[in-house]
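*Asks:* Numbering (the working numbering), first residue to last: 161 to 656. Don't be surprised by glycine CBs; every beta carbon is placed ideally from N, CA and C. The structure displayed is predicted, hence computed values, not measured ones.
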Ligand code: BES
Ligand code: MN
Ligand code: ZN
């Protein structure tokens, strides 16, 4: 869903829902909000002095205003101390407020621009992203009662409505927010509704909309290119594999070509090394890395940074069958390295290693891959931080800065040479699993083998791509993790 955003003077608040951020230090000042967009209201004054609205982050309070006030409902949202306001707090407060208004609640939203110590533009970008996150519905297949939260307009109410920087931030927030939701849509689709062929179609359609060049490779083309690792995963499935490429060519660039590579397993049963039934239904989200790459490419195409970017998504299903790869099989990757497939459930690295080789063939000078690669990353880092692996310190620093700007959390993990032992094979160049310990590191080392000396980083997002618990600002389901970080990374690279 898209909605129109703008800025308006404070006294022009005719909206169905007015969101007013309340700072912690205002709790004891009942008149703090007088003179802002809503008419001074006794109930607002009363509640401001009380413990119901102390301004703590996460607090929210909805009040209906009298008919004639020009505003249907005011939602006060706590955002903490003004001098400590963060974009994350703004994003979550706005998302929670809009979600709390429910399906009927918020077609015309106004937000009083009270940015505390934040730049007004940063406040606006975060608020717009929050509003977009709030409108995404995870229950699109319900026959009845499927009523997504609708936002038609979103206006910032401010004393300085004619600010170019605000307009730009709002535009950036809209593009990033919509692109995150595009990725969430893809991830939410069940395996029967999103096969590799379907994923390619969605990518194609998106690319046509925003002006990216695509190239979709089929099985024959993969065979010509020698992608034995990708094909080894695909062969167990009745669904055809696809290798999706979407290119953004900058009008002017410094010669760098960034490749964003995303794992696109549309369903992961484990193959012959079959997964247990419990939670297997979640494995439709095994293409979340690919979705994040497509979402980022969508954003990049619209924000037009001056650097070339290629999005690459190898996509197939991991299924058991009479034709499936067996544990112990040896396959030859595009780069020529031979791989012993000890466990067919470690399929992500197999499809990614050929995608990395392909990216190199296309002339990439920087490789970033995103993948729901290992369950072990949740053991290592819990459900908050994605794992960041790289042999290139400058790239680590740049990705960390991008993640900070995007309000996503990534944590650097080790890749010392000693861990290389984990993937030594008795029969081939390498094997696709390590032992009991350091599973995420073994997986990253496998990918590192294919990156060679090109600056490369890998984000293991298996622990952050799916939100397992309903939160006021985010429903259970796909998070769109990575879209914002990748977009911020590319924008920053273009500026340097
Ligand atoms: N797609 C899974 C990783 C995963 C697990 C993602 C849980 C999201 C939630 C991946 O293909 C996989 O199965 N990895 C194995 C690797 C093992 C066989 C070395 C795993 O994590 O168990
Ligand atoms: Mn697997
Ligand atoms: Zn997988």
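1. I want to know whether the segment 414-421 touches the segment 485-493 - three or more CB-CB distances under 8 Å.
2. What residues come near the ligand BES, if near means a beta carbon less than 5 Å from any of its heavy atoms?
3. Verify the contact flag: residue 425, CB atom, against every heavy atom of the ligand ZN, threshold strictly below 8 Å.
4. How about residue 443: is its Cβ closer than 8 Å to a heavy atom in the ligand ZN?
5. Would you mind stating whether residue 342 and residue 330 have Cβ atoms separated by less than 9 Å?
6. Helix, strand or coil for residue 356? Go by DSSP, reduced to three states.
7. Tell me whether residue 478 counts as near the ligand ZN, meaning its Cβ is closer than 8 Å to at least one heavy atom of that ligand.
8. Threshold first: 4 residues or longer. Then list the alpha helix (DSSP H) segments lying entirely within the segment 427-491, N to C.
9. According to DSSP, residue 269 sits in a beta bridge with which residue or residues?
10. With a threshold of 8 Å, establish whether the CB of residue 396 neighbours any heavy atom of the ligand MN.
11. Kindly indicate the opening and closing residues of the beta strand (DSSP E) around residue 183.
12. For residue 295, does the count of other Cβ atoms within 10 angstroms reach 16, so buried, or fall short, so exposed?
13. Tell me the residue span of the beta strand (DSSP E) that contains residue 570.
14. Can you tell which of 181, 505, 468 and 223 has the C-alpha that lies nearest to the C-alpha of residue 252?
15. Let me know the secondary structure DSSP gives residue 617 once reduced to three states.
16. Starting from the Cα of residue 179, find the closest Cα among 185, 189, 234 and 248 and give me that residue.
17. Going by CA-CA distance only, name the one from 348, 375 and 271 that's closest to residue 361.
18. Three or more C-beta pairs closer than 8 Å, one from the segment 472-484 and one from the segment 590-602: is that the case here?
19. How should residue 597 be labelled, buried or exposed, when 16 other C-beta atoms within 10 angstroms of its C-beta is the threshold for buried?
20. Figure out for me which residue from 461, 431, 290 and 585 has the closest Cα to the Cα of residue 485.
21. Out of 213, 649 and 453, state which residue places its alpha-carbon closest to the alpha-carbon of residue 222.
22. State the beta-bridge partners of residue 658 as determined by DSSP.
23. Would you kindly check if the distance between the Cβ of residue 165 and the Cβ of residue 270 is under 9 Å?
24. Are the CB atoms of residue 262 and residue 184 nearer to each other than 9 Å?
25. Would the segment 627-638 count as touching the segment 553-564 if we require 3 or more Cβ pairs under 8 Å?
26. Name the two residues that bound the continuous alpha helix (DSSP H) containing residue 628.
27. How about residue 430: is its Cβ closer than 8 Å to a heavy atom in the ligand MN?
28. First and last residue of the alpha helix (DSSP H) that includes residue 248?
29. Can you confirm whether the segment 436-456 touches the segment 383-399 when touching is taken to mean that 3 or more C-beta pairs between the two stretches lie within less than 8 Å?
30. Can at least three beta-carbon pairs, one atom from the segment 534-553 and one from the segment 457-465, be found at a separation below 8 Å?
31. Run through DSSP, which three-state label would residue 496 get?
32. Out of 367, 230, 216 and 207, state which residue places its alpha-carbon closest to the alpha-carbon of residue 172.
33. Can you find the residues in the same chain that come closer than 8 Å, C-beta to C-beta, to residue 411, ignoring five residues on each side of it along the sequence?
34. For the ligand MN, I want to know if residue 591 counts as a neighbour, meaning its beta carbon is within less than 8 Å of at least one of the ligand's heavy atoms.
35. Out of curiosity, what's the CA-to-CA distance linking residue 216 and residue 321?
36. Would you check if the distance between the CB atom of residue 543 and the CB atom of residue 618 is smaller than 9 Å?
*Replies:* According to the data block:
1. Contact fails: fewer than three Cβ-Cβ distances are below 8 Å.
2. Those satisfying the condition are, in chain order, 428, 446, 503, 505, 506, 508, 532, 534, 535, 593 and 622.
3. Residue 425: yes, Cβ under 8 Å from the ligand ZN.
4. It does: the Cβ of residue 443 is within 8 Å (strictly closer) of some heavy atom of the ligand ZN.
5. Contact: no.
6. Reduced to three states, the DSSP call for residue 356 is helix.
7. Yes, the Cβ of residue 478 comes within 8 Å of a heavy atom of the ligand ZN.
8. The alpha helix (DSSP H) runs lying completely inside the segment 427-491 and spanning 4 residues or more are 448-463, given in chain order.
9. Paired residues: 177 and 314.
10. The beta carbon of residue 396 sits no closer than 8 Å to any heavy atom of the ligand MN.
11. Bounds of any beta strand (DSSP E) do not take in residue 183, whose DSSP letter is neither H nor E.
12. So residue 295 ends up on the buried side.
13. It spans 570-572 - the beta strand (DSSP E) in which residue 570 sits, taken as one unbroken run.
14. Of 181, 505, 468 and 223, the residue nearest in Cα terms is 181.
15. Residue 617: strand per DSSP, three-state reduction.
16. Per the Cα distances, 234.
17. Comparing C-alpha distances from residue 361 to each of 348, 375 and 271 shows the shortest one belongs to 375.
18. Taking 8 Å as the limit for Cβ pairs, the verdict is that the segment 590-602 does not touch the segment 472-484.
19. Within 10 angstroms of the beta-carbon of residue 597 lie fewer than 16 other beta-carbons, which makes it exposed.
20. Of the listed residues, the one whose Cα sits closest to residue 485 is 431.
21. Cα-wise, what sits closest to residue 222 is 213.
22. Because the chain is modelled from 161 through 656, residue 658 falls outside the range shown and cannot be assessed.
23. Against a cut-off of 9 Å, the Cβ pair of residue 165 and residue 270 comes out as no contact.
24. For residue 262 and residue 184, no; Cβs fall outside 9 Å.
25. The segment 627-638 is not in contact with the segment 553-564.
26. For residue 628, there is no enclosing alpha helix (DSSP H), as DSSP gives it neither H nor E.
27. Yes, since a heavy atom of the ligand MN falls inside the 8 Å radius drawn around the Cβ of residue 430.
28. Residue 248 -> alpha helix (DSSP H) spans 247-260.
29. No, they do not touch.
30. Judged by Cβ distances under 8 Å, the segment 534-553 makes no contact with the segment 457-465, as fewer than three pairs qualify.
31. In the structure shown, residue 496 adopts coil according to DSSP, grouped into three states.
32. Nearest of 367, 230, 216 and 207 to residue 172, Cα basis: 230.
33. The answer, listed in chain order, is 464 and 466.
34. Because no heavy atom of the ligand MN lies under 8 Å away, the Cβ of residue 591 does not count as near it: no.
35. Answer to the nearest angstrom: the Cα atoms are 28 Å apart.
36. Result no, Cβ atoms of residue 543 and residue 618 do not sit closer than 9 Å.
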